[in-house]
Amino acid sequence: MVSLRCKMVVEQELRKLGLRYVNVDLGSIEILGNITDFQRDQLRKNLKACGLELLEDKRRIMVEKIKALIIEMVHYSDELPKVNYSDYINEKLGYDYTYLANTFSEVKGITIQQYIILNKIERVKQLLLYDELNLTEISYKLSYSSVSHLSNQFKNVTGFAPSYYKKRKKKRIKYLENL
1 MVSLRCKMVV EQELRKLGLR YVNVDLGSIE ILGNITDFQR DQLRKNLKAC
51 GLELLEDKRR IMVEKIKALI IEMVHYSDEL PKVNYSDYIN EKLGYDYTYL
101 ANTFSEVKGI TIQQYIILNK IERVKQLLLY DELNLTEISY KLSYSSVSHL
151 SNQFKNVTGF APSYYKKRKK KRIKYLENL
């Protein structure tokens, strides 16, 4: 789902250009009628000024949808889906997973699985710093098979063990607070 602020900005820009639309949603705008080259260029320019980008390449749009779904899944849901990620993504986006995976890899240069891992590790970092959950609870929350699996993956991505990362970040925060 598009954030409310972004959606309002996009809708305002469409109205300014006299474009009638049906729907503004993640990665897509359904416009009634045709859009002129001038309107397209103006829309692109106005959205860029607001920090948004007009994507017309269907492959890039698909990749943005995949990324948003993964970010929502990892960072904003209470529990990760209990089904295989490929099945989850396939079901949510309604495309064959092989097509999605190939498109994602070609556009981003990494696999969907690598992108999920990077996001899970970012989430682990957040949870470690919040200090509300221990590593076992974090491992369970993010659907790792074990604490050692989480720790190994964390070290492979960051170069640090989770406990060392947590100590290091807390020392840095404390140092910054004392400045």
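Just so we're aligned: the sequence shown equals residues 1 to 179 in the UniProt record's numbering.
Each residue gets a CB set at the ideal place from its N, CA and C atoms; glycine is no exception.
Check your understanding: From this set, Lys48, Asn46, Gly94 and Ile117, which residue's C-alpha is nearest methionine 73's C-alpha?
Key -> For methionine 73, the nearest C-alpha among the options comes from Ile117.
**Study point:** Classification of serine 77 by the beta-carbon crowding that lies within 10 angstroms, buried from 16 upward
**Key:** By the neighbour-count rule (16 or more Cβ atoms within 10 Å), serine 77 is not buried but exposed.
**Study point:** Neighbourhood of aspartate 87 by C-beta distance below 7 Å, restricted to the same chain and skipping five residues each side
**Key:** Closer than 7 Å at Cβ, skipping near neighbours: no residue.
Exercise for review: Note down the Cα distance separating isoleucine 110 from valine 22, rounded to an integer number of angstroms.
Suggested key: Pairing isoleucine 110 with valine 22, the inter-Cα distance amounts to about 34 Å.
Exercise for review: With DSSP as the reference, please indicate the residues paired to tyrosine 21 in a beta bridge.
Suggested key: The partner list for tyrosine 21 (beta bridge, DSSP) reads Ile31.
Exercise for review: With DSSP as the reference, label valine 2 as helix, strand or coil.
Suggested key: The pLDDT assigned to valine 2 is 47, lower than 50, so where the model puts this residue is not dependable; a value taken from the coordinates is nonetheless given after this. Per DSSP, reduced to three states, the secondary structure at valine 2 is coil, with no helix or strand assignment.
Exercise for review: Could you tell me which of Met62, Glu11 and Val63 sits nearest to asparagine 46, measuring between CA atoms?
Suggested key: Closest option to asparagine 46, Cα to Cα, is Glu11.
Check your understanding: What is the DSSP secondary structure of threonine 158, counted as helix, strand or coil?
Key -> Reduced to three states, the DSSP call for threonine 158 is helix.
Review point. What three-state label does DSSP hand asparagine 84 in the structure shown?
Key: Judged by DSSP in its simplified three-state form, asparagine 84 adopts coil rather than helix or strand.
Point to revise | leucine 54 in three-state terms, based on DSSP | key: DSSP places leucine 54 in coil when its eight states are reduced to three.
Point to revise | Proximity of arginine 20 and isoleucine 31 at Cβ, strictly below 8 Å | key: Cβ atoms of arginine 20 and isoleucine 31: closer than 8 Å.
Practice item. Quick one: grab the DSSP three-state call for glutamate 106. Key: Looking at glutamate 106 - three-state DSSP - the assignment turns out to be helix.
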